[in-house]
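Engineer:
In the UniProt record's numbering, the protein residues as written are 1 to 456.
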């Protein structure tokens, strides 16, 4: 029986256990740590989506193939389990060794493998992460982590430039991508720093978790950090944020309330309206609270979500021809008439707010900070006692900041064009949200600073 892998199949199996993936994949890390000697069932590995082509070969075939093809992995005496031959090491300079590339086709079952093979021609690849929007749809762009800087250099300086199906790709370092998005969204100061954190952050980090288990550092005030429930105040309701299988914050959809009349639709913007032209006049009308905006460049319309039902006077203000909103390129703004679509939009708002509030509550500095951040239009995340609010946020005991600090942070946030988070993701390529917004998404954020992001 011929028991060997092609390069891409071997790469796939080893990737699951690699330093670039194992410590950041919650499911794999759970399997790895479940057994004291770190053996993982080969049957389980064979069930993974990208290994299903080999399922028909059987566990024995896969075990023999691993024995003959990999020095990185070892198979046990029974031929039913596999593990690493070395202990996981925390990777260094992952962000600096990563690049961004855009211009790929729609996803099919073979695309991940073809992408890995494509980037392997430029050097040793640690991971190719396909970027996805909130609905898990491939955004036709990837983050690629090379194992060394020489490979990064070779890829970026390739002549001819990297192309896919004859079309040149948009390529840059991950850091350059981050800076591009910061400038595109007009972020400065804390807003820019927050955006960098979101792009580079891992949803799950085993090294961070292990550090917390060894002994959580004491915060000012003497209370040790511990995971507490995080709640989202959304449209007058307090919703519990849970953690999904990818490590993201989420809310049970049935718990999300539908509040009629909190959404306006605008159109006639010609695909080139700025966030400020929509956000600023609305913010001025509604107690200085920025709305949640769903709008993508190039589109002629968008949605605006508020933190409370609109009165007739509010609607008149927004739709009257002499209003500052009307004079800002928008030819039509009206109440959103489709109840079903408005309901779906509110679910999007709540889930985006949950992701951001949860990320601030548990991920920032290993947990604790930002546990009580507010969401701009209708979403406010809160944690239990002891949590400090990210930007202008409040936790329970020990979480209040002085009025002056809040004012300064609010000003810094308003100057930044705020943005939503994801991502995350990243997942890790951490999912970036598939919709854009403005300080609105802070609306959805726990930290008062975000906005829905339709980053490409």
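No residue lacks a Cβ here, since even glycine has one placed at the ideal position from N, Cα and C. Source: prediction; values computed, not measured.
From the DSSP output, in three-state form, read off residue 204 for me.
Structural biologist: Working through the chain shown from its first residue, we reach residue 204 at position 204. Three-state result, residue 204: coil.
Engineer: Just how far apart, CA to CA, sit residue 37 and residue 293?
Structural biologist: In the chain shown, the residue the question calls residue 37 occupies position 37. In the chain shown, the residue the question calls residue 293 occupies position 293. Distance between the alpha carbons of residue 37 and residue 293 is about 50 Å.
Engineer: Hey, how far is the Cα of residue 92 from the Cα of residue 300?
Structural biologist: What you label residue 92 is simply residue 92 of the chain shown in a count that begins at 1. What you label residue 300 is simply residue 300 of the chain shown in a count that begins at 1. Distance between the alpha carbons of residue 92 and residue 300 is about 44 Å.
Engineer: Need the endpoints of the alpha helix (DSSP H) that residue 171 sits in, please.
Structural biologist: In the chain shown, counting from the first residue as 1, residue 171 sits at position 171. First-last for residue 171: 170–173, but that is the beta strand (DSSP E), not the alpha helix (DSSP H).
Engineer: What residues are listed by DSSP as bridge partners for residue 242?
Structural biologist: Looking up residue 242 in the chain shown gives position 242. Answer is 250.
Engineer: In angstroms with no decimal places, state the Cα-to-Cα distance between residue 69 and residue 15.
Structural biologist: Working through the chain shown from its first residue, we reach residue 69 at position 69. Working through the chain shown from its first residue, we reach residue 15 at position 15. Taking C-alpha positions only, residue 69 is separated from residue 15 by approximately 14 Å.
Engineer: If we call anything under 9 Å between Cβ atoms a contact, is residue 115 one with residue 75?
Structural biologist: Here residue 115 corresponds to residue number 115 of the chain shown, with the count starting at 1. Here residue 75 corresponds to residue number 75 of the chain shown, with the count starting at 1. It is not a contact, given that the beta carbons lie outside the stated cut-off.
Engineer: Can you list, in chain order, the residues of its chain with a C-beta nearer than 6 Å to that of residue 18? Leave out the 5 residues immediately preceding and following it.
Structural biologist: Walking along the chain shown from the start, residue 18 turns up at place 18. Around residue 18: no qualifying Cβ.
Engineer: Would you list the one or two residues that DSSP bridges to residue 193?
Structural biologist: Walking along the chain shown from the start, residue 193 turns up at place 193. BP columns for residue 193 are empty, so no partner.
Engineer: Along the beta strand (DSSP E) that carries residue 234, what are the first and last residues, could you check?
Structural biologist: Looking up residue 234 in the chain shown gives position 234. Looking at the DSSP string, the run of the beta strand (DSSP E) that includes residue 234 is 230–234.
Engineer: With 16 other CB atoms within 10 Å as the buried threshold, where does residue 26 fall?
Structural biologist: To locate residue 26, count along the chain shown from 1; it is residue 26. Buried.
Engineer: Using CA atoms only, rank isn't needed, just tell me which of 43, 308, 176, 196 is closest to residue 236.
Structural biologist: Position 236 of the chain shown, counted from the start, is the residue given in the question as residue 236. The option with the nearest alpha carbon to residue 236 is 308.
Engineer: Using the Cα positions of residue 415 and residue 351, report the straight-line distance between them to the nearest angstrom.
Structural biologist: For the purposes of this step, residue 415 is taken as residue 415 along the chain shown, with counting starting at 1. For the purposes of this step, residue 351 is taken as residue 351 along the chain shown, with counting starting at 1. Low per-residue confidence applies at residue 415: pLDDT is 43, beneath 50, and the placement is therefore not dependable enough to give any value.
Engineer: Measure how close the beta-carbons of residue 175 and residue 95 come, nearest whole angstrom, since I'm counting them as under 8 Å.
Structural biologist: One-based indexing of the chain shown puts residue 175 at position 175. One-based indexing of the chain shown puts residue 95 at position 95. In this structure residue 175 touches residue 95 by the C-beta definition: roughly 7 Å separates them, less than 8 Å.
Engineer: For residue 21 and residue 127, I'd like the C-alpha separation in whole angstroms.
Structural biologist: Within the chain shown, residue 21 is the residue found at index 21, counting from 1. Within the chain shown, residue 127 is the residue found at index 127, counting from 1. Cα-Cα distance, rounded: 7 Å.
Engineer: Within the same chain, show all residues whose beta-carbon is closer than 7 Å to that of residue 60, passing over the 5 residues directly before and after it, in chain order.
Structural biologist: Here residue 60 corresponds to residue number 60 of the chain shown, with the count starting at 1. 79, listed in sequence order.
Engineer: Could you give the DSSP three-state label for residue 84: helix, strand or coil?
Structural biologist: Within the chain shown, residue 84 is the residue found at index 84, counting from 1. Three-state result, residue 84: strand.
Engineer: Using only the alpha-carbon positions, how far apart do residue 89 and residue 159 sit?
Structural biologist: Working through the chain shown from its first residue, we reach residue 89 at position 89. Working through the chain shown from its first residue, we reach residue 159 at position 159. The alpha-carbon atoms of residue 89 and residue 159 are separated by roughly 34 Å.
Engineer: Would you please state the rounded distance, in angstroms, between the beta carbons of residue 100 and residue 24? I believe it to be under 8 Å.
Structural biologist: Mapped onto the chain shown, residue 100 falls at position 100. Mapped onto the chain shown, residue 24 falls at position 24. About 18 Å; that fails the 8 Å criterion.
Engineer: Going by Cα to Cα distance, which pick from 62, 71, 97 is closest to residue 81?
Structural biologist: Within the chain shown, the letter at position 81 stands for residue 81. When only C-alpha atoms are compared, the closest one is 62.
Engineer: Taking residue 77 and residue 249 to be in contact with their CB atoms under 8 Å, please state how far apart those CB atoms are, rounded to whole angstroms.
Structural biologist: Residue mapping note: residue 77 aligns to position 77 of the chain shown, counting from 1. Residue mapping note: residue 249 aligns to position 249 of the chain shown, counting from 1. Not a contact, Cβ separation roughly 43 Å.
Engineer: Quick one: grab the DSSP three-state call for residue 188.
Structural biologist: Translated into positions along the chain shown, residue 188 becomes position 188. If DSSP states are grouped into helix, strand and coil, residue 188 belongs with coil.
Engineer: Using DSSP with H/G/I as helix, E/B as strand and the rest coil, what is residue 298?
Structural biologist: Residue mapping note: residue 298 aligns to position 298 of the chain shown, counting from 1. Residue 298 falls in the coil class under three-state DSSP.
Engineer: Is residue 50 near the ligand NAD, in the sense that its beta carbon is under 8 Å from a heavy atom of that ligand?
Structural biologist: Among the components of this structure there are no ligands whatsoever, and the ligand NAD is therefore not found.
Engineer: Should residue 457 and residue 291 be called a contact, given that it needs their Cβ atoms to be closer than 9 Å?
Structural biologist: The structure shown has nothing for residue 457, since the chain only spans 1 to 456.
Engineer: Ordered along the chain, which non-local residues of its own chain (more than five positions away) have a Cβ less than 8 Å from that of residue 71?
Structural biologist: Along the chain shown, one-based indexing puts residue 71 at 71. Cβ neighbours of residue 71 beyond the five flanking positions: 85.
Engineer: Taking 9 Å as the cut-off, decide whether the C-beta atoms of residue 258 and residue 346 are in contact.
Structural biologist: Mapped onto the chain shown, residue 258 falls at position 258. Mapped onto the chain shown, residue 346 falls at position 346. In contact: residue 258 and residue 346 (Cβ atoms closer than 9 Å).
Engineer: For the candidate residues 64, 182, 343, whose alpha-carbon lies nearest to that of residue 255?
Structural biologist: Start at 1 with the first residue of the chain shown, and residue 255 comes out as number 255. Looking at the Cα atoms, 343 is the closest of the given residues.
Engineer: In the DSSP assignment, what residue or residues form a beta bridge with residue 143?
Structural biologist: Position 143 of the chain shown, counting from 1, holds the residue named residue 143. Partner(s): 100, 129.
Engineer: Does DSSP put residue 20 in a helix, in a strand, or in coil?
Structural biologist: Counting from 1 along the chain shown, the entry for residue 20 is found at position 20. Coil.
Engineer: Considering only C-alpha positions, which residue in the set 194, 168, 169, 166 is nearest to residue 179?
Structural biologist: Position 179 of the chain shown, counted from the start, is the residue given in the question as residue 179. Of 194, 168, 169, 166, the residue nearest in Cα terms is 194.
Engineer: Taking the alpha-carbon of residue 28 as reference, which of 156, 83, 131 has the nearest alpha-carbon?
Structural biologist: As a first step, residue 28 must be located in the chain shown, where it is residue number 28. Checked all of 156, 83, 131; the closest Cα to residue 28 is 83.
Engineer: Going by the DSSP bridge assignment, what does residue 305 pair with across the sheet?
Structural biologist: Locating residue 305 in the chain shown gives position 305, where the first residue counts as 1. According to DSSP, residue 305 bridges with 263, 292.
Engineer: Just to confirm the assignment, what range does the alpha helix (DSSP H) spanning residue 310 have?
Structural biologist: As a position in the chain shown, residue 310 is number 310, starting the count at 1. Segment: none, residue 310 is in no alpha helix (DSSP H) and carries neither H nor E.
Engineer: Going by DSSP in three states, residue 350 sits in which element: helix, strand or coil?
Structural biologist: In the chain shown, residue 350 corresponds to position 350, counting from 1. Correct three-state label for residue 350: helix.
Engineer: Apart from the five residues just before and just after residue 55, which ones in its own chain have a Cβ nearer than 8 Å to its Cβ?
Structural biologist: Taking the chain shown and counting its residues from 1, one reaches residue 55 at position 55. The residues are 46, 47.
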